[in-house]
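Numbering (full-length UniProt numbering), first residue to last: 1 to 681.
A virtual CB, placed ideally from N, CA and C, is assigned to each residue, including glycine.
Note that the structure is a prediction, hence the values are computed from the model and not measured.
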Amino acid sequence: MESRPQQNTMMNMIYNNYADSSQREPKNLIIEAPTGIGKSLGYCLPFAYLTGERQVVISTATNYLQQQLKDQTIPMINESLPFNTSTVIMKGSRHYIDLSRFKQLLYNAEAHPHNIFLKAQILIWLTMTKTGDLDELHLNGDQNSLLESINHLNAQELNKDNPFYGDDFLRFNIQNSKRANFLIVNHNYLLSNWQSFAQMTNKPYLCVDETHQFLGVVRSENKQQLVLGNLLADFDRSSMGLRYSLTDELFTNNQALNNLKQKIVWLLSSTRASVNETFSTIFSQVIANANYKRANTELHVNIGSNNRSRYLDLLTNLKNEIEPQIKKLGKLSKKLRRELTVDNQTIAESDKQMISSWLGQLTRLITDLGDLAMMINLYINHFEEQVFWITVKDISNYESLAFNCALFETNRYLKKTIYDNFMQPTFTGATIFSSRKAKYIFDTLGLDRSETVSKRLKSDFKANDNAMMFLVDSYPDDQEVSSDQYFKYLSSSIQRIYKNSPRQTMVLFNSLDAIRKTYQFMAEDGFTETHNVLAQGVNGTANKISRTFGQQEPAILLGAGTFWSGVNFPGDLLETLIIAQLPFDVPSDPYNSALYQRARANKQNPFYSISLPNATLKMRQGIGRLLRTKDDIGTVFVLDSRVVSKHYGSIMMANMDSTIPIESGSLDESILRMLSFYEKH
1 MESRPQQNTM
11 MNMIYNNYAD
21 SSQREPKNLI
31 IEAPTGIGKS
41 LGYCLPFAYL
51 TGERQVVIST
61 ATNYLQQQLK
71 DQTIPMINES
81 LPFNTSTVIM
91 KGSRHYIDLS
101 RFKQLLYNAE
111 AHPHNIFLKA
121 QILIWLTMTK
131 TGDLDELHLN
141 GDQNSLLESI
151 NHLNAQELNK
161 DNPFYGDDFL
171 RFNIQNSKRA
181 NFLIVNHNYL
191 LSNWQSFAQM
201 TNKPYLCVDE
211 THQFLGVVRS
221 ENKQQLVLGN
231 LLADFDRSSM
241 GLRYSLTDEL
251 FTNNQALNNL
261 KQKIVWLLSS
271 TRASVNETFS
281 TIFSQVIANA
291 NYKRANTELH
301 VNIGSNNRSR
311 YLDLLTNLKN
321 EIEPQIKKLG
331 KLSKKLRREL
341 TVDNQTIAES
351 DKQMISSWLG
361 QLTRLITDLG
371 DLAMMINLYI
381 NHFEEQVFWI
391 TVKDISNYES
401 LAFNCALFET
411 NRYLKKTIYD
421 NFMQPTFTGA
431 TIFSSRKAKY
441 IFDTLGLDRS
451 ETVSKRLKSD
461 FKANDNAMMF
471 LVDSYPDDQE
481 VSSDQYFKYL
491 SSSIQRIYKN
501 SPRQTMVLFN
511 SLDAIRKTYQ
521 FMAEDGFTET
531 HNVLAQGVNG
541 TANKISRTFG
551 QQEPAILLGA
561 GTFWSGVNFP
571 GDLLETLIIA
581 QLPFDVPSDP
591 YNSALYQRAR
601 ANKQNPFYSI
611 SLPNATLKMR
621 QGIGRLLRTK
631 DDIGTVFVLD
641 SRVVSKHYGS
651 IMMANMDSTI
661 PIESGSLDES
671 ILRMLSFYEK
681 H
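Here it is in structure tokens:
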């Protein structure tokens, strides 16, 4: 393996921190490791030497990165070590095939030729797979409905009476994970399954890669929404399915089954009535206290300390009513599942698939009700750690009401899920810090500075030779950057930059709406007819246009969301990067609005404590899309003139921590400097 100074620094930091941990307490580590220093090897190698003491959990952003670590990084270090390390990828139960459910599906009469072919494809795959991971099939979205009828619903559903228990892939993976040195998970799995790590005899080591995405998952995992109409419809489907869809003979000829059926039907009806009554009352209160001008107005109501009590008694009473009902439904559904076992010879094979489908539907409803009870518990007992809001999409329809909550204070949550169950963690990633003081990342991760060591490693890339950044001040700073006039300016600027240097270009936006409007102006100019413009939400999904962009040159990609941090276009696949808008979150978004309101209540300025650090971090991530290898070259244009004219723009640029030379000026001046740059390269 090639020796790299910054990678060596990272290895030494990690090993020295945890070695002899029985003699001294390790520290939390935060290591920002720029693209190109060999970050994956930088943490895998030192942890490999530590696996003799305890297991190592590596959490990364995606299933693809999980596989990359297992197939590339770990084999590479095994070639260099005097010993061998074992690795298991852990995913949620729904990723694995349930052989019992697949058997039922095979008996189900199938008229569609495509599904018949897919069943045959799965049968052949079963003779080759060693994991039972359905991701290996690489099926598209249209085929997911079939997969949902054969995947595992829950690891707890594994039953020794199941004829496939001994051959079950999920069970096999769980058993292997107990013996492996490295457990590779994604962030969602880590946060959803923290209890399984809490049960380990020795606290495992934890390395969180792609930390900036981990923070996003922390928020999304704790963002919950109950849409009243959806929940009521789930009640009705479960009840109707039990009453009418399942074969009557199953129940009329079996008194025990019939009693179970009647109890479940009654519980579903009773619980539905409680939920419906509570939220219809909340709907009436929201409408009575809201100010709106039009009947089709969408309402957003933030719930703070000033109006919390308005809904407290209603939700407390609902929780007290539904919690015992949820427990009863859970017990009865498990009992019914045992009675309707797949080996029951009295049940026709054609009915077993219908039974399995209905039981899956009931399980999901019980899970949703459990989530509702948990949301209400947070409202009652942990209000200060959460933000809550209510949305009503149609004020004439009470079923359009949605009850929402999300995490505001991360400290207690991360302590419960991460810090109490692992050795002091290592957080790493290419972009972690939003400022040199790093206050935002410490606050967000809930880490004590005195117990944490942080380090910003230097890039091995010679960015000062390979790239240029231009801050364009051509647009008047007193104009709105969300107006049609601004999108027309963006359209014109993008065209001029590309026409002067037709290279592979990516343009980053804040929203799909901004992309659509800019693309519309480009189309009106006739530009899209003569040039290959790939617009997210217009020409396809993010995945689709990303694949096309990597195959067609030259092209212009207009993207938002994951394109700021989740794509990799090395070499000449990306040579011009354009920042169309500074990446501030939309303040009117219900979640952001509730978050900012809570910050103000805590005597914080939400712009400087939340918005600006978030935008700075996202800006760093976006600019990081350009140089992916040491031989890459390219230019960055920031078309949002606020980066030059506003004080916060200078704060953002001061914290870019980039060696890329920066120049500001008009678009004409910037294009001339770009041409001069490319002449030298």
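In terms of residue numbering, what span does the alpha helix (DSSP H) encompassing residue i cover?
{"i": "residue 684", "result": "Nothing about residue 684 can be read from this structure; the chain reaches only from 1 to 681."}
{"i": "Trp389", "result": "Looking at the DSSP string, Trp389 is not in any alpha helix (DSSP H); the run it does join, the beta strand (DSSP E), is 386–392."}
{"i": "Arg412", "result": "411–414"}
{"i": "Thr278", "result": "255–289"}
{"i": "Asn186", "result": "Not the alpha helix (DSSP H): Asn186 falls in the beta strand (DSSP E), residues 182–186."}
{"i": "Gly649", "result": "647–654"}
{"i": "Gly166", "result": "Premise fails: Gly166 is in no alpha helix (DSSP H) and is neither H nor E."}
{"i": "Thr316", "result": "309–339"}
Would you tell me roughly how many angstroms separate the C-alpha atoms of residue i and residue j, rounded to the nearest one?
{"i": "Pro587", "j": "Gln597", "result": "10 Å"}
{"i": "Glu529", "j": "Asn655", "result": "40 Å"}
{"i": "Asn188", "j": "Val217", "result": "6 Å"}
{"i": "Gln104", "j": "Ser3", "result": "55 Å"}
{"i": "Val342", "j": "Ser149", "result": "Model confidence at Val342 stands at a pLDDT of 46, short of 50, so the residue's coordinates are unreliable and nothing is read from them."}
{"i": "Arg449", "j": "Ile441", "result": "11 Å"}
{"i": "Thr87", "j": "Leu134", "result": "19 Å"}
{"i": "Ser483", "j": "Tyr648", "result": "21 Å"}
{"i": "Ser238", "j": "Leu118", "result": "28 Å"}
{"i": "Leu490", "j": "Ile579", "result": "10 Å"}
{"i": "Leu147", "j": "Asp98", "result": "10 Å"}
{"i": "Ile432", "j": "Ala61", "result": "14 Å"}
{"i": "Asn411", "j": "Glu384", "result": "12 Å"}
{"i": "Leu315", "j": "Ile376", "result": "6 Å"}
{"i": "Thr505", "j": "Val638", "result": "13 Å"}
{"i": "Ile303", "j": "Phe214", "result": "27 Å"}
{"i": "Asn568", "j": "Ser435", "result": "24 Å"}
{"i": "Ala120", "j": "Trp389", "result": "48 Å"}
{"i": "Ile198", "j": "Leu191", "result": "According to the sequence provided, residue 198 is Ala. The question's Ile does not apply to it. Using only the alpha carbons, I get a separation of about 12 Å."}
{"i": "Met90", "j": "Asn173", "result": "8 Å"}
{"i": "Gln285", "j": "His300", "result": "13 Å"}
{"i": "Ile355", "j": "Leu126", "result": "24 Å"}
{"i": "Gln193", "j": "Lys416", "result": "It is worth fixing the name first, because residue 193 is Asn in this sequence and not Gln. Using only the alpha carbons, I get a separation of about 12 Å."}
{"i": "Leu137", "j": "Lys544", "result": "18 Å"}
{"i": "Thr452", "j": "Gly38", "result": "23 Å"}
{"i": "Glu79", "j": "Leu45", "result": "11 Å"}
{"i": "Gln55", "j": "Tyr205", "result": "6 Å"}
{"i": "Gly241", "j": "Trp358", "result": "7 Å"}
Quick check on the DSSP output: the beta strand (DSSP E) that includes residue i runs from which residue to which?
{"i": "Glu25", "result": "Glu25 -> no beta strand (DSSP E), and no H or E assigned at all."}
{"i": "Glu663", "result": "662–665"}
{"i": "Ala406", "result": "401–407"}
{"i": "Asn302", "result": "299–303"}
{"i": "Asn115", "result": "Unbroken run through Asn115 is the alpha helix (DSSP H), 113–126; no beta strand (DSSP E)."}
{"i": "Gly634", "result": "634–638"}
{"i": "Thr131", "result": "Element bounds for Thr131: n/a, residue is neither H nor E."}
{"i": "Thr9", "result": "Looking at the DSSP string, Thr9 is not in any beta strand (DSSP E); the run it does join, the alpha helix (DSSP H), is 5–18."}
{"i": "Gly429", "result": "426–429"}
Using 8 Å for Cβ pairs, my map puts residue i next to residue j. What's the rounded Cβ distance?
{"i": "Gly229", "j": "Phe169", "result": "Wrong, their Cβ atoms sit about 37 Å apart, outside the cutoff."}
{"i": "Lys334", "j": "Leu260", "result": "The Cβ separation is near 11 Å, so there is no contact."}
Between the segment 280–290 and the segment 325–333, do three or more beta carbon pairs fall short of 8 Å?
-> no
If you pair each beta-carbon of the segment 220–232 with each one of the segment 405–412, do three or more pairs fall below 8 Å?
-> yes
Going along the chain, which unbroken runs of the beta strand (DSSP E) with 3 or more residues stay wholly within the segment 520–600?
-> 533–535, 556–559, 576–579
Could you pull out every unbroken beta strand (DSSP E) segment of at least 3 residues lying fully inside the segment 431–515, listed in chain order?
-> 452–456, 467–472, 505–508
Can you list, in chain order, the stretches of the beta strand (DSSP E) that have 3 or more residues and sit fully within the segment 193–237?
-> 205–208, 224–227
When the Cβ atoms of the segment 385–402 are set against those of the segment 173–190, are three or more pairs found closer than 8 Å?
-> no
Would you call the segment 564–583 and the segment 260–279 in contact, with 3 or more CB pairs under 8 Å?
-> no
Quick check: the segment 417–429 against the segment 206–220, are there 3 or more CB pairs under 8 Å?
-> yes
Stretch pair the segment 46–54 + the segment 1–20: three plus CB contacts closer than 8 Å = yes
Counting only runs that start and end within the segment 36–114, where is the beta strand (DSSP E) found for 3 or more residues in a row?
-> 56–60, 87–89
Would the segment 554–565 and the segment 495–511 be scored as touching if the rule is three or more Cβ pairs under 8 Å?
-> yes
Would you call the segment 27–39 and the segment 61–77 in contact, with 3 or more CB pairs under 8 Å?
-> no
Would you call the segment 494–504 and the segment 546–557 touching, i.e. three or more CB-CB distances under 8 Å?
-> yes
If we count Cβ pairs, one from each stretch, closer than 8 Å, do we get three or more for the segment 659–676 versus the segment 465–474?
-> yes
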